[in-house]
Structure formats: structure tokens, C-alpha cells
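Worksheet: the structure to be examined is printed underneath.
Number of protein chains: 2
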Amino acid sequence: MPDVPADHSNPDYLRQHIADQAVLAQIFGDSLETAEIREIGDGNLNYIYRVQSSDAQMAIKHAPNFSRMSGGARALTPDRLKFEARALQLFRELAPEHIPEVYDYNSEASILAMRFLSPHKIMRKGLIEGNVYPLFADHISTYLANTLFGTSDYAMLPAQKRPLVAEFALNVELCEITERLVFNQAFAGSQDNNWTTPQLDKHVTRLQTDPAIRLRVEQLKLAFLTRTDALLHGDLHSGSVLLTQDETYLFDTEFATFGPMGFDIGMLIGNLFLAYFALPAHGASAARCDGLLDDIESIWTGFERKFTALWQDNRTGGAFSATRFEDAAGSVAARSHLQAYLAQVLNETAGFAAVEIVRRVIGRAHVIEFDSIEDAKRRAPLEAAALDMACAILGRAAPVTDIAQLTAAARNVP
Amino acid sequence: MPDVPADHSNPDYLRQHIADQAVLAQIFGDSLETAEIREIGDGNLNYIYRVQSSDAQMAIKHAPNFSRMSGGARALTPDRLKFEARALQLFRELAPEHIPEVYDYNSEASILAMRFLSPHKIMRKGLIEGNVYPLFADHISTYLANTLFGTSDYAMLPAQKRPLVAEFALNVELCEITERLVFNQAFAGSQDNNWTTPQLDKHVTRLQTDPAIRLRVEQLKLAFLTRTDALLHGDLHSGSVLLTQDETYLFDTEFATFGPMGFDIGMLIGNLFLAYFALPAHGASAARCDGLLDDIESIWTGFERKFTALWQDNRTGGAFSATRFEDAAGSVAARSHLQAYLAQVLNETAGFAAVEIVRRVIGRAHVIEFDSIEDAKRRAPLEAAALDMACAILGRAAPVTDIAQLTAAARNVP
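Written out as C-alpha cells, the structure is:
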């Protein structure tokens, strides 16, 4: 094949890249020459190509040195793809059934080649289309328990974990996006904010002027900045899930960083709450919406149960290790800690979920569940209900101690 | 000067090293040829040489690729000196009056050249000799407030702080020593432990078999493993302080790592409590011992006051920044957080102080204040008093909310 200039939007360039990497070329064999290469991504930062031949297919992700949504105006190093590849590798070791196989990461070309998942759908779209995913709660709670426990000080020795913390602490650019979009703009005000006005004005005012809410949100941000409890996916919303009725995969791990476990769990269930509030406008029955609340409860209880099982059997890390805590006093202390720790994770999960709900309704980056409801009169009361629930959680004086308190907060919205 | 083989114990090698570094050579000028070079260190890991001529002097620190106390048996990379040099640089920017000037760090030779402090004494020894240091509490509280605030998310933006966290997360080897010696051995039992027996046996049994104490200590260890609140000195005991009546310097920063602020403050005051309990055997009057408790109170109140002043005037970081929290609600939220945060730091300070007291009395690495009392009958009741106090702190159900509760715990020991 002749040399083609480095232009990722040119199919021949990608074809040549595949031909040049033995591990990729052998997947296609002779069918590479006629493979169809098409950009299929709708993400904010990167490009995704589907390469499909008569014999095989794969997904090619390219991270340019700018943010895609900026149209090239906002510089962003392609390093994010390195963090994505590394996180995929680590998560796949811990939850192999829920992370797609990576075939090759090439830092020079800034190309990540991985399994193309088909007929899997983005969960966010699947929910709007009316699908139900009966195994999702079980799958995602396995993923969460395995990856969060597995990268914590309960499983890893400091000699293993500290270098990983060092590695992901350099994921500065994408963490900055999280810090700004998730925690700052919606609550301190920003001209990038965007909400249905005037219907939601009162909510926005409350969220920005209630000292208790401001305190709670910023303490959650501080936890994100200062805690290295576990390696987070970092962007675990329903747009980062590809699934069928039988299988669940997580991808888009470029925001991976060490942080509090509740960040991943909370962002995920925050997006399920958003779906719960928006889906009636997409024709979902009350029963299907309630099913989402059941899923939220099952995700937490599943996580708690699976985390506890790992705690009992796999405590090989630097904190509360089975060997140092196998004596009578140690066993009692370890049980007490597990209980206190899970209580903290639950309460932080509730907080992060509420923050995610708020920023997706009044901040810069919205969700299609709401944005696709074109009639503002129809959309606003649903968005208001989501904000009511988020305000109730963020304004609570007492911690959330039971996942049912969280789903009840959604059910009890007027 | 002829080439000399790399043998740091050979004065001619060090002399040549100095001659080869222009910045060092110019300090001595012609007097280098006749400068006296002598090993003066008594540390566990490294060697310290005093280079003294008629015109100038300096301290040379050499970190070999093993731990000094192991006699070469325990391998340890010389990287620790890199972390020491880097921490000295960062701390000196924040507290220039309390960190000695570094002239040169040479990673290849594993040599750090810095100002030789004279007539400054190691605080631990100075206290035993009967000195009082009226400015110490003021100086050290300035150092603590400046360095801990200055490396926190209240002062630094994530783009500045995350790369530093990455840098120091690689200080794995020395953190492992802290994890093992400070948190593990004394509380889970170890053949390396060493205490005055049978007098302290009951204390050891309580510390190792009280589930509440085991829980509290391991949660403090978990905080050390998972929190990146600020860059810690990491080994801030009275043997890491060189001072006169007028000046206070901190050194030996090779244990530097990001962690909870209470670790530095607690280790420091834990060692002052050890001195408080031991000094009567060294002829100290009750008034002088009480003065140490006054110092402990002044260190905390000074830290709190200076930290608060920095909080009010210098909040330029990623969390609770002045610009995002200047509005009415933000100001109220920021004040609430400061109060809650300082309360947490105080309670953790108390916990880390108690852990330090315990491990210095029953663990592997003792303090000369006690070990120099040769008569076990005289030493044991003083050590028991220190352990009584530590047990009282670690066994408390309620948090320590006032520094006076901590000093009272020392005064109230039978």
C-alpha cells in the first residue's frame, strides 16, 4: 500500500495503519483492502471509526490534539487515549466480561483499536427506544465491585497501588473537565450553563444560593480532588455503556483517575434517575420507569453484596489486610470498618448522583433523554422534578443510610 | 585533584565531588584543600558529613543504595534523596525561614549539599539537655500552616497539584517504612517490637486486642494511604528539627508524601508528649514539663490561626476558591467548611500523635528520651504513663474537639 499522509479522516490512512500493525492486519487478512471505514462517533472529544469487512470488524478510536466539540479551538493532548488504554487494560483484568478487548494502542498515531461490539447499543439510546435490560443491574454491580475493590487499598499493596496513583494523577486535562463541568459551573454560575428558562430559574437560584448545597457539593469536589480510594472509570454514565439484553460493556475510560468510589456509582445512578424522570415523555409506562428505580436499588445492593464478598475473601492489600486482621480483635475491627466504609460510599453515591442530575439539567452538557423533548412546556416539569429530587438529596442534613431513601426521594417528588 | 574511586566514606572522594560542582567549589574557594570532612550522622538510613574549612562549611548528605541501619543488608534505592531534595525545595518556597538552603543535589553521586546549621541542635537532644525553646511553637506552627495550606487544594490548582501528587506517589519505599513501622507492627504484633517487659505487657495486650483501638489505628493508616490533602514532611519528629533559641529549621524530608495534615502535626506533638513523659527522669522540673504541654497547645492554636489567615487571604486553589466562593452563600459555605475541616485535622492530629507515642514505646524504633533511662524500674512507669495517655486517645468514642482535651489526657494520667 502506498504511503498516505497522516489524516485520520482519510479511510486509506486508517487502512494503512491497520496494515502496518501485524496484530490488527491479521484480524482482517485479505479482507482489509475492501473493508468499509466509517466515522460513527458522537462523543465530545474523539473520533470513532467502524472498520468492517466481509470477514471481520473493529472499532478504531482516534484522539486528536484538540477537543472534537471545540472544532479544533480547544487544545487537548492526545495523552487521554493513553489513560483510556491503560484503564481498559486494568479494568479488563478485574472485570473481563464487561470490558471490550483492546487489540492495539499506538501512541504515535494516537489510535486505539478494539473489539467492535455488535449488536450492542448505547444504553442511553436503548432506554429511550423502550428497551429493558434485565441483567444490567447485576452486570454493572459486578463491574463496580470488582474494579473498585480491586484497585483499592483493600486489595492492592501500596507498592502496587502508589505507582498506579502516580500514573493516573497525570490525567490532569480530563480531570479538569470533570472539575469544571461537573462541580463548578452549575453551582457557582457560568455563562456556559444552559437551562429551560424561566421554568427552572427558581431551582437554579436555590442551587447557587443555598449555603448547605454549596457546601455539600464542594466537599464532594474536594473528595474527588483529594481521595485515592480506587481507580474510577471517571465518566460512568449511560452513554458509556454498550449493552444487549445479555451482555454489558463499559468503554470510554479516558477520564479514569483515582477517587472516591461513590463518584462512579453516583454518576451512573444519577443518569438512571435522569432517565426515570425523562422517559415518560418518550412513552415509557409507569411500570418501566419504576423498573429503573428497582435497578438503582439492585445496583447498590448488588455492589454492597459483591464488595462484601471480595472483602471477606480477597483482602490482600495495605489496609485491613486479612493477615493482619485475622485475630479476634482484628476481625471485629475489620467488620466495623466495612460497615462504616460502605455507609460512607452510599452517602457519597447519593451526593454525586445529585450533582450529576443537576449539572446535566442546568449545566453545559445535557442528556438526550431531556434535550430530545422539544416542547419546553412538556420538558420543564420533568426537569424540575429531577432538580427537586437533587435538591432534596443535596440539602439533607442527615446522611443517606439506605438506598431506598434515594429512590423514595425520586418517587416523592410532587 | 586526581580521580578518586566513588567511596563516600573517603574524604578525598567528597572533596573531589565538591571541587567538581562549581556551585559548591566556590563556597570553599582555596580552603577546600584543607577542609576537614567528618561523618556526623546518627540516622537510620543515610550518612551525613560535615565539611569544614577555615572559610566555610556545609553539610553533605549521602544516600547509599541500602539502609544504613541494616549495615547494607536491606536494599533501598538512593531515590529517597531525590524526594528529600525536591521536598526541601518546595517547603523552602513556602517557609523559607525554616528550611535550610540547598546548594546542590547530584543524583548520580546521590549527594545533597546544604547549609550546615550551627550552633543549632537536634531538638530531641536539646530538650534532654535542659534547653527551652520559647519561639519553637510559633516557628513550627508557621511552618505547618504554610506548607500544609500551601500544598493543599485550597492553595493549588489541580493542574499544579496533580503532577506533584504523581511525583511523590512514587516515594513508595519510604512510605512503606512508615506504613510498617508506624501503623502495622506495634498494633498487629511483630517480632521486631521491643518494649519494657513485663511492666508494659498489659498495655501491649490492650493495644493489640482492643477492637476499637485496632479500628481507629487502621483507619488512620487508611487515611495515610488514600488522602492527598497536602504534601507532608512525613517524618516530623523532634529529631528532624535543628534549632536554637532564635531559629527553627526542619530537615530530613525524605519521607515526604501527600497525606492528611494531621499526620505531620500529630507526629510532631506525639514526640513532644514523649518528651513530656520522659523528661522528669532527665531532671526536668514540673514547670518545664508543663511548658511542653503549653507548647503543644500553642502549636495547634498557632496552626489554626495561621491556617485560617491563609484561608481568608490566599484561597487560589481548586477547592473553595475565593473567586467561586465570594458570593454570600459561598462565603457561608466556605466558613462552615473551614470549621469542619480544622475539626477533622485536630481529631486526626490526636490520633496520629497517639499512634506515634505507642510505636515509639513498644515498636522497633524508640526515642532516646526513654531509651537513655537505663534503669527499667525508673523508665517503665514513665513509659506506662505515655501509653495510658495514648490508649485514652485511641479508645475515645467521641472525637477530640479541643487541643486542651489532648493535653488534659496527658495531665490526667495517674
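So the sequences go chain by chain: A and B.
Numbering of the first sequence is given in this note's numbering, commencing with residue 2 and proceeding in unit increments.
Numbering of the second sequence is given in this note's numbering, commencing with residue 2 and proceeding in unit increments.
Even for Gly, the Cβ is constructed at its ideal location relative to N, Cα and C.
1) Using the three-state DSSP reduction, which class does Gln161(B) fall into: helix, strand or coil?
2) Tell me the DSSP secondary structure of Ile38(B) in three-state form.
3) Which word fits Pro159(B), buried or exposed, when buried means at least 16 other C-beta atoms lie within 10 angstroms of its C-beta?
4) Kindly indicate which residue of Ile178(A), Leu175(A), Gln161(A), Glu174(A) has the alpha-carbon position closest to the one of Ala170(B).
5) Could you tell me whether the Cβ of Gln423(A) comes closer than 8 angstroms to any Cβ of chain B?
6) For Arg360(B), report the span of its alpha helix (DSSP H) as first-last.
7) Starting from Ala323(A), follow its DSSP beta bridges and name the residues at the other end.
8) Distance check for Asp247(A) and Lys122(A), CA to CA, integer angstroms please.
9) Pick out whichever of Asn132(B), Ser119(B), Leu201(B), Lys307(B) has its Cα sitting closest to the Cα of Glu384(B).
10) Nearest to Asp43(B) by alpha carbon, out of Leu233(B), Asp8(B), Asp253(B)?
11) Determine whether the beta carbon atoms of Val359(B) and Leu388(B) lie at a separation below 8 angstroms.
12) Let's see if you can read the secondary structure: which residues bound the beta strand (DSSP E) around Asp389(A)?
13) In angstroms with no decimal places, state the Cα-to-Cα distance between His234(B) and Phe184(A).
14) For chain A, find out if any of its Cβ atoms is closer than 8 angstroms to the Cβ of His1(B); answer yes or no.
15) Can you tell me where the alpha helix (DSSP H) holding Thr197(A) begins and where it ends?
16) Leaving aside the five residues before and after Ala213(A) along the sequence, list all residues of the same chain whose C-beta is less than 8 angstroms from its C-beta, in chain order.
17) In its own chain, which residues sit with a C-beta less than 8 angstroms from the C-beta of Gly190(B), not counting the 5 before and 5 after it?
18) Any chance you could list the beta strand (DSSP E) runs of at least 3 consecutive residues sitting entirely within the region 209–269 of chain A, in chain order?
19) Comparing the C-beta of Thr152(B) with each C-beta of chain A, is any distance below 8 angstroms?
20) Is it the case that the Cβ atoms of Ile270(B) and Ala354(B) are separated by a distance below 8 angstroms?
21) Residues in the same chain with beta-carbon distance under 7 angstroms from His18(A), minus the five sequence neighbours each way, listed in chain order, please.
22) Can Arg228(B) and Thr227(A) be called in contact, C-beta distance under 8 angstroms?
23) If the cut is a Cβ gap below 8 angstroms, which residues of chain A does Cys290(B) touch?
24) Determine contact between the region 27–45 of chain A and the region 54–67 of chain A, defined as no fewer than three beta-carbon pairs at a distance below 8 angstroms.
25) What did DSSP end up calling Gln406(A) once you bin it into helix, strand or coil?
26) Between the Cα of Gly352(B) and the Cα atoms of Glu305(B), Leu407(B), Ala329(B), Gly364(B), which residue gives the shortest distance?
27) Is Glu357(B) buried or exposed, if buried means 16 or more other CB atoms sit within 10 Å of its CB?
28) Quick check on the DSSP output: the alpha helix (DSSP H) that includes Val133(A) runs from which residue to which?
29) Roughly how many angstroms separate the alpha carbons of Asp295(A) and Ala285(A), rounded to a whole number?
30) Please name the residue, chosen from Ser71(B), Glu40(B), Arg75(B), that lies closest to His63(B) on a Cα-to-Cα basis.
31) Could you tell me whether the Cβ of Gly319(B) comes closer than 8 angstroms to any Cβ of chain A?
32) According to DSSP, which residues form a beta bridge with Leu15(A)?
33) What is the DSSP secondary structure of Ile100(B), reduced to helix, strand or coil?
34) Using Cβ-Cβ distances below 7 angstroms, what residues of the region 131–165 of chain A are close to chain B?
35) Whole-angstrom Cβ separation of Gly331(A) and Arg215(B), contact assumed at under 8 angstroms?
36) Applying the 10 Å Cβ sphere with the 16-neighbour rule, what's the burial state of Gln186(B)?
So, from the listed chains and residues:
1) Taking the first residue of the second sequence as position 1, residue 161(B) is located at position 160. Helix.
2) Start at 1 with the first residue of the second sequence, and residue 38(B) comes out as number 37. In the structure shown, Ile38(B) sits in a strand (DSSP, three-state: E or B).
3) In the second sequence, the residue the question calls residue 159(B) occupies position 158. Looking at its Cβ environment, which holds 16 or more other Cβ atoms inside 10 Å, Pro159(B) is buried.
4) Numbered from its first residue, the second sequence carries residue 170(B) at position 169. For the residues Ile178(A), Leu175(A), Gln161(A), Glu174(A), the minimum Cα distance to Ala170(B) belongs to Gln161(A).
5) Nothing can be reported for residue 423(A): it is not among the residues displayed for chain A, which extend from 2 to 415.
6) Here residue 360(B) refers to the residue found at position 359 of the second sequence. Segment 329–363, the alpha helix (DSSP H) holding Arg360(B).
7) By one-based count along the first sequence, residue 323(A) stands at place 322. Partner(s): none; Ala323(A) has no beta bridge.
8) One-based indexing of the first sequence puts residue 122(A) at position 121. One-based indexing of the first sequence puts residue 247(A) at position 246. One C-alpha to the other measures close to 12 angstroms.
9) The residue labelled residue 384(B) in the question sits at position 383 within the second sequence. Selected option, being the one with the closest Cα: Leu201(B).
10) Against the second sequence, residue 43(B) aligns to sequence position 42. Of the listed residues, the one whose Cα sits closest to Asp43(B) is Asp253(B).
11) Mapped onto the second sequence, residue 359(B) falls at position 358. Mapped onto the second sequence, residue 388(B) falls at position 387. Yes.
12) By 1-based counting over the first sequence, the position of residue 389(A) is 388. From DSSP, Asp389(A) is part of no beta strand (DSSP E) but of the alpha helix (DSSP H) over 377–396.
13) Within the second sequence, residue 234(B) is the residue found at index 233, counting from 1. Within the first sequence, residue 184(A) is the residue found at index 183, counting from 1. Using only the alpha carbons, I get a separation of about 31 angstroms.
14) A query on residue 1(B) cannot be resolved here, the shown segment of chain B reaching from 2 to 415 and no further.
15) Counted from its first residue, the first sequence places residue 197(A) at position 196. Where Thr197(A) is concerned, there is no enclosing alpha helix (DSSP H), given that its DSSP letter is neither H nor E.
16) What you label residue 213(A) is simply residue 212 of the first sequence in a count that begins at 1. Cβ within range, chain order: Leu395, Gly396, Ala398.
17) As a working mapping, residue 190(B) is identified with position 189 in the second sequence. The answer, listed in chain order, is Gln209.
18) 231–233, 242–244, 249–251, 258–260
19) On the second sequence, position 151 is the one that residue 152(B) refers to. Not an interface residue.
20) Here residue 270(B) refers to the residue found at position 269 when the second sequence is read from its first residue. Here residue 354(B) refers to the residue found at position 353 when the second sequence is read from its first residue. The answer is yes: Cβ separation under 8 angstroms.
21) Your numbering for residue 18(A) matches position 17 in the first sequence. Hits under 7 angstroms: Ala110, Ile112.
22) Indexing the second sequence from 1 puts residue 228(B) at position 227. Indexing the first sequence from 1 puts residue 227(A) at position 226. Yes.
23) As a first step, residue 290(B) must be located in the second sequence, where it is residue number 289. Going along chain A, no residue has its Cβ under 8 angstroms from Cys290(B), so there is no contact; the nearest lies around 33 angstroms.
24) yes
25) Taking the first residue of the first sequence as position 1, residue 406(A) is located at position 405. Note: Gln406(A) maps to helix in three-state DSSP.
26) By one-based count along the second sequence, residue 352(B) stands at place 351. For the residues Glu305(B), Leu407(B), Ala329(B), Gly364(B), the minimum Cα distance to Gly352(B) belongs to Leu407(B).
27) Sequence index remark: in the second sequence, residue 357(B) carries index 356 (1-based). Buried: at least 16 other Cβ atoms inside 10 Å.
28) The residue labelled residue 133(A) in the question sits at position 132 within the first sequence. No alpha helix (DSSP H) contains Val133(A), which DSSP labels as neither H nor E.
29) By one-based count along the first sequence, residue 295(A) stands at place 294. By one-based count along the first sequence, residue 285(A) stands at place 284. Going by the C-alpha atoms only, they are around 15 angstroms apart.
30) In the second sequence, the residue the question calls residue 63(B) occupies position 62. The candidate whose alpha carbon is nearest that of His63(B) is Glu40(B).
31) Here residue 319(B) corresponds to residue number 318 of the second sequence, with the count starting at 1. Yes, Gly319(B) lies at the interface with chain A (some Cβ there is under 8 angstroms from its Cβ).
32) Sequence index remark: in the first sequence, residue 15(A) carries index 14 (1-based). DSSP, once it has assigned bridges, lists no residue as partnering Leu15(A).
33) As a working note, residue 100(B) is residue 99 in the second sequence. DSSP places Ile100(B) in coil when its eight states are reduced to three.
34) Asp154, Pro159, Ala160, Arg163, Pro164
35) Numbered from 1 along the first sequence, position 330 holds the residue referred to as residue 331(A). Numbered from 1 along the second sequence, position 214 holds the residue referred to as residue 215(B). Confirmed, about 6 angstroms.
36) Sequence index remark: in the second sequence, residue 186(B) carries index 185 (1-based). Burial call: buried.
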